[in-house]
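All remarks here apply to the structure that follows.
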Amino acid sequence: ISTTPEAALVALDVYHDRAVTLILGGHDRGIDYTSLIDHLRRSPVHTLILLDASGRRIYQQLPGSHLASSMQDAVNLARTFTPRGGVVLLSPAASSYGTYRSFVERGQDFARCAGLS
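This is how it looks when you write it as structure tokens:
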């Protein structure tokens with residue numbers, strides 16, 4: 011559900027001891043991502059994959075991240091870059107509107123693309 015930077019930070023904390031591929035981004039509501047970006051600079055994830063408008067905005071501030079054109083593209087990138095035993099975390103820190111009707115639809119698309127549903 012993670013539609014705020016704070017929720018994404020809490021989700022990342024759960025996996026602090028694992029190689030995390032984070033899928034981040036969605037509809038850009040103009041919210042402040044400073045705390046999340048600062049955290050990712052101090053404690054980089056293994057791979058950062060960015061989606062949609064807010065992802066493009068964050069991409070400009072975090073070199074080495076990857077822009078994905080769709081959820082399927084994001085999942086394919088995650089498969090490429092996530093090491094065995096790593097975690098692929100969909101924690102967008104943004105709303106789903108624009109691409110999806112709801113966070114539920116976004117989660118279902120992630121599960122479908124990942125072969126989980």
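Numbering-wise, the working numbering comes out as the position in the sequence shown, counting from 1, plus 10.
All C-beta atoms in this analysis are idealised placements derived from N, C-alpha and C, irrespective of residue type, glycine included.
- Taking D38 as reference, the option from L46, R66 and A18 with the minimal CA-CA separation is R66.
- Unbroken alpha helix (DSSP H) runs of no fewer than 4 residues, entirely contained in the segment 21-98, are found at 44-52, 62-69 and 81-91, following chain order.
- In the three-state reduction of the DSSP assignment, L100 falls in the strand class.
- Cβ neighbours of Y107 within its own chain (closer than 7 Å, five residues either side excluded): H37.
- Nearest neighbour of Q118 by Cα position, chosen from S105, R94, M81 and T90, turns out to be M81.
- By the C-beta density criterion, V55 is buried, having at least 16 other C-beta atoms within 10 angstroms.
- Here D62 is buried, its C-beta having at least 16 other C-beta atoms within 10 Å.
- Note that the C-beta distance between L99 and I33 is below 8 Å.
- The Cβ atoms of T13 and F120 do not sit closer than 8 Å to each other.
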